[in-house]
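Have a look at the structure below, then the notes.
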Amino acid sequence: MATDSTNTFHAGICMAGAVSAGAYTAGVMDYLMEVLEHWERAKRLQEEGKLSNVPKHNFVIEVLGGASAGGMTAAITAAAVQQDFKPVHFEDQDKPIITTANLLYNSWVNLKETGEGRKGDSEKDMMDYMLSTDDIEKDADRNSSREVRAGFNSAFIEELASAALDNKVPQPYGRPYIALDIDVFTTITNLRGFLYKVIFQTSSGNREHRMKMHRDYAFFKLTDKDPTEPAQDPVDPADATTSAELTHNGRIPVNFRTGLNVNVLKQAAMATGAFPVGLESRDLTRRRDYIELNKYLNLMLAGQDPVGVKYELLPQGDFLSLNVDGGVINNEPYELTQQLLDDRRESNENSKPKTSAAEFDSVVMMIDPFPNDEEVERGEFVSRKAWKNVLPAILSAMRGQLMMKDEQIRRAYLNDDYTRFLIMPVRENEKFTIACGSLGGFGGFFSKDFRKHDFFLGRRNCQRFLEKHFTVPEDAGNPILSFGYSNSTYGRVTEIKSVPNSSGVTKYYLPIIPDMRVIANSDGTFKIERPAEERMYPWPSIKLSYILGLEDKFKKRIRCVLDNITNAAPLPDGHAPERSPILQRIRSKNWFQRQTGKVGSLLGDLYLSLGKKFGKGMAADFFIDAIITDMEKRDLIDDDLKR
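Below you can see the structure in the form of structure tokens.
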């Protein structure tokens, strides 16, 4: 079915960071794909004369991106839509033939668990995997030096990413509501960074100023080209005035049929989800030109004087970076999603997007499981100057400022801006919303029921969002909707508003995406019906006895971390840092040896042994106490020991 751009809404979907609450985002995307698939089928049947009353405009997703769990979900969605898959309804949750075939559900709800919350001898839950010490003690292929790379065993992430992305698709499943050349991106916190040299002209001559940029993105574009991608001719960015003049604009082509650059997409997905300290940091290798020719990474392309700025840290070959969670610097990349969508509109039609209800033709949908997790200050502010208070406050302030988006706040005050919409967790008349939100988003790893709840809440919220909020006043006269609903009233929403000296006035709203289901009758005909209301998964709980039973696993993990905390892989020749000869001489003995002489070594070993023995117990108690306290506050604890 051909897509007429003049009767089409162009969409970008941005997914915020969420750790295990990515299950909520996955639920939203699962429902959205189901709705778009049914609507597309209904339009096709209407063209064949087998249905009527179907809105006939188009909605095409052209950008998918996000940070952390959102970026991972963007990559998983890009792979999932290449094949036909069934949505996971409430009644399907115990049907592995459906849940394992759905990449969104399998990657975020099933994770690595083999059972449905009923552990047998051969079954493991996520805590069995994440508290295992195999990544340090038994992974000789990846970690022969027994380095401590994360608080939790993170090997499951690579296994899940491979399961979701590595399988080639012989023939991509056609989805007209997904652009064939869709842009996909993830945010990344690049620990290596990009080093710039800026030339300043002074009275005494030119002076250099160096600075590093650690905000990074991995940009991809789906393609149907052959994997034998032709080599790109070297391009001097100084010779290009805009990124549109460059060969590929810094987008890495991905083809799921041939496997072209799928491994790079997998690296980027794991990198954006590498929660600092808790989960393992990740490498990402990109060709130099995918950075140098991208205007969002190479600031030379955005400046007016490219001669005065240049990269200092890009080798001639591939660029390897070490990365952690993209949410550290940009957890809600709304503005980038909008910019990428604008880029496509400018290059295709040379027009800026319009924002009013009467004119808009592009939208950005933001899925954010934690839009309001910053608590409001209550009571009088108290100035606390002790180091233990100031140091975490500094880190919090740095992260808060990185998250602050002045332009987004300014645009939020515009009353008639129909280019931005937010899907967020809502549970009617309930005190709590996201079950995976405990422990800073790690809570979902403790219980599959938590992840199930959030997935089905995502589906339910998406249904209500499409019906009640993703609508436009009919009297606005938007030409796309006027065309789409010219012979249809399906899904039209009414709202009665009270006015002075009157009983009220009826106002009509048109859904941007009509939510319908195509039903095949026994006689070969078809009909469309409104979908049944998505069921609410009961608010879950976790047994107190289960949490207390994790203590030994925490102790084992902590002891392993303490035993190997100083291990590090040897550096290649020529990369070892220079050591001060003076420090080598005066620090040749440890602290105990300097204080106690020859017996210092024995005392030092005894001290470390005692520290590890008692330290693991105290640390395990600390973690168990923190888990219970936070989950109890969210009414997630089933105190089975009290009965």
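Residues 1431 to 2073 in the numbering used here are what the sequence shown lists, from first letter to last.
From the three backbone atoms N, C-alpha and C, an ideal C-beta is built for every residue, glycine too.
Since the structure is predicted, the reported quantities are computational estimates derived from the model, not experimental observations.
Report the option in T1715, N1679 and A1648 whose CA atom is closest to the CA atom of T1702.
-> A1648
D1460 and P1517: beta carbons closer than 8 Å?
-> yes
With a CB to CB cut of under 8 Å and the five nearest residues on each side skipped, what residues in its chain are close to R2054?
-> According to the sequence provided, residue 2054 is Ile. The question's Arg does not apply to it. Here the set comprises I1977, L1978, L1980, E1981 and F1984.
Length of the line joining the Cα atoms of E1470 and T1616 | 28 Å
Where R2009 falls: helix, strand or coil (DSSP) = coil
Between the CA atoms of A1962 and R1718 - distance to the nearest angstrom | Distance between the alpha carbons of R1718 and A1962 is about 51 Å.
Just checking, does the region 1945 to 1955 make contact with the region 1488 to 1501 on the three C-beta pairs under 8 Å criterion?
-> no
Under 6 Å Cβ to Cβ from L1561, same chain only, skipping five residues before and after it: list those, please.
-> K1983 and R1987
Among residues of its own chain, excluding the 5 on either side of K2063, which ones have a beta-carbon nearer than 6 Å to its beta-carbon?
-> Cβ within range, chain order: n/a, list empty.
Rounded to whole angstroms, what's the CA-CA distance from L1541 to L1534? Just pull it up for me.
-> 10 Å
In three-state terms, what does DSSP make of M1946?
-> coil
Near A1585, what residues of its chain come up, given a Cβ to Cβ distance below 6 Å and the 5 sequence neighbours on each side ignored?
-> D1565
Put S1912 into one of helix, strand or coil per three-state DSSP.
-> helix
Alpha-carbon spacing of T1563 relative to C1990, whole angstroms = Roughly 7 Å between the two C-alpha positions.
With burial defined as no fewer than 16 other Cβ atoms inside 10 Å of the residue's Cβ, what is the status of P1657: buried or exposed?
-> The pLDDT assigned to P1657 is 49, lower than 50, so where the model puts this residue is not dependable; a value taken from the coordinates is nonetheless given after this. Looking at its Cβ environment, which holds fewer than 16 other Cβ atoms inside 10 Å, P1657 is exposed.
Inter-residue Cα distance where the pair is F1862 and V1856 | 9 Å
Would you grab the beta carbon distance between S1792 and A1441 for me? Rounded to a whole angstrom, and I think it's under 8 Å.
-> Between S1792 and A1441 the beta-carbon gap is near 7 Å, inside 8 Å, which marks them as a contact.
Grab me the residues of V1465's own chain with a C-beta within less than 7 Å of its C-beta, minus the 5 sequence neighbours each way, in chain order.
-> L1896, I1943 and D1945
Compare the C-alpha of S1786 against each of V1578, Y1848, V1684 and Y1939 and name the closest.
-> Y1848
Could you pull the start and end residues of the alpha helix (DSSP H) that M1795 belongs to?
-> Where M1795 is concerned, there is no enclosing alpha helix (DSSP H), although the beta strand (DSSP E) it sits in stretches over S1792 to I1797.
Using the Cα positions of K1898 and L1940, report the straight-line distance between them to the nearest angstrom.
-> 10 Å
Endpoints, beta strand (DSSP E) assigned at P1600 = For P1600, there is no enclosing beta strand (DSSP E), since its DSSP letter is neither H nor E.
Cα-Cα, which of F1885, E1789, L1771 and E1860 is closest to D1846?
-> E1789
What runs of the alpha helix (DSSP H), each 4 residues or longer, lie entirely inside the region 1484 to 1571?
-> 1499 to 1510, 1526 to 1529, 1556 to 1560 and 1564 to 1567
Could you check what DSSP says for R1716 in three-state terms: helix, strand or coil?
-> strand
Measure the beta-carbon distance from A1472 to I1958 and round it to whole angstroms, keeping in mind my assumption that it falls under 8 Å.
-> Rounded to the nearest angstrom, the Cβ distance from A1472 to I1958 is 6 Å, consistent with a contact under 8 Å.
In three-state DSSP terms, what is P1822?
-> helix
Nearest to E1762 (by Cα), restricted to the options H1468, A1453 and I1618 | I1618
Once you ignore the five residues that flank G1547 on each side, which residues in its own chain have a CB closer than 7 Å to its CB?
-> For G1547, the predicted model reports a pLDDT of 44, less than 50, meaning its position is unreliable; a value from the coordinates is still stated below. The answer, listed in chain order, is K1878 and D1879.
Answer yes or no: do R1374 and V1694 have a C-beta to C-beta separation smaller than 8 Å?
-> Limits of the chain in this structure are 1431 at one end and 2073 at the other, which puts residue 1374 out of reach.
Considering only the beta carbon of each residue, do V1684 and L1723 sit closer than 8 Å?
-> Going by C-beta atoms, V1684 is not nearer than 8 Å to L1723.
Note down, in chain order, each residue of its chain lying with its Cβ closer than 7 Å to the Cβ of T1436, except the 5 sequence neighbours on either side.
-> Excluding sequence neighbours, T1436 sits near nothing in its chain.
Nonlocal neighbours in the same chain, by C-beta distance under 7 Å from L1752, ignoring five residues either side = L1621, R1622, S1711 and D1713
Express the C-alpha separation of V1935 and M1556 in angstroms, rounding to a whole number.
-> 54 Å
From what residue to what residue does the alpha helix (DSSP H) around K1725 run?
-> No alpha helix (DSSP H) contains K1725, which DSSP labels as neither H nor E.
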